[in-house]
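Student:
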Amino acid sequence: SEWIAIPGSLEAIARLSRADYRVVVATNQSGIARGLYDMETLNRIHQKMAKALGEQGGRIDAIFFCPHGPDDNCDCRKPKPGLLHEIKDRLKVELAGVPLVGDSLRDLECAEAVGALPILVRTGKGPRTLPQLENAQAAGKLLGTVVFDDLAAFTESLLRGDLEDAIAASRG
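Numbering (this note's numbering), first residue to last: 10 to 181.
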């Protein structure tokens, strides 16, 4: 029920906002289903995020979340793509080739399922996810995933215009 920004992430999102990128959050929130927190608490966390980001000159354009638990068999819990389909439909955007940044294998699998570009950051759960990604790639999955140290490094690459080079390098 607490949110602490990863160093550099607010500034990175603010840079994306100033460059007119739409920033959308897609998040699993099974704590609601498990009774660890309620919607009021989740809304407070989202407000805290928005306020902190606003202080840096950035914004989150939308937040989509799955409140279900792992055993609820819903379509919106990542790695299933339901949440991203909802984003596509509600915001009227195409997801093919759009960078989807995450720190878990679920995020990457979800991105791949909708044709988005899976981006792994080595922050948050990223260090634990890296070996899982390597195993998936050895099995021929998630081969298009690009890895960055953090959101700031991804943002720098995107805004500098060399994300395509990073994609090509990741594919060998």
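From the three backbone atoms N, C-alpha and C, an ideal C-beta is built for every residue, glycine too.
Who are the near neighbours of A90 in its chain, counting only those whose CB is closer than 7 Å to its CB and skipping five residues on each side?
Tutor: Per the sequence shown, residue 90 should be read as Pro rather than Ala. Excluding sequence neighbours, P90 sits near C119, A122 and V123.
Student: Whose C-beta lies closer than 8 Å to the C-beta of T132 among residues of the same chain, with five residues either side of it excluded?
Tutor: Around T132: I15, S18, D112, D158, D159 and L160.
Student: Do the segment 100-107 and the segment 132-143 touch if we need at least three Cβ pairs shorter than 8 Å?
Tutor: With a cut-off of 8 Å, the segment 132-143 and the segment 100-107 do not count as touching, because too few Cβ pairs lie within range.
Student: What is the DSSP secondary structure of A71, reduced to helix, strand or coil?
Tutor: Strand, per DSSP.
Student: Flag this pair as yes or no: are the beta carbons of R68 and P79 separated by less than 9 Å?
Tutor: Cβ distance not < 9 Å, so R68 and P79 don't count as in contact.
Student: Quick one: using the 10 Å Cβ neighbour count with 16 as the cut-off for buried, is D116 buried or exposed?
Tutor: That one is buried.
Student: At the level of alpha carbons, what is the spacing between L151 and A145?
Tutor: L151 and A145: Cα-Cα distance of roughly 6 Å.
Student: Can you give me the C-alpha to C-alpha distance between A177 and T154, rounded to a whole angstrom?
Tutor: C-alpha separation (whole angstroms): 10 Å.
Student: Under the assumption that L109 contacts A125 (Cβ atoms under 8 Å), give the Cβ distance between them as a whole number of angstroms.
Tutor: Between A125 and L109 the Cβ distance is about 4 Å, and since that is below 8 Å, they are a contact.
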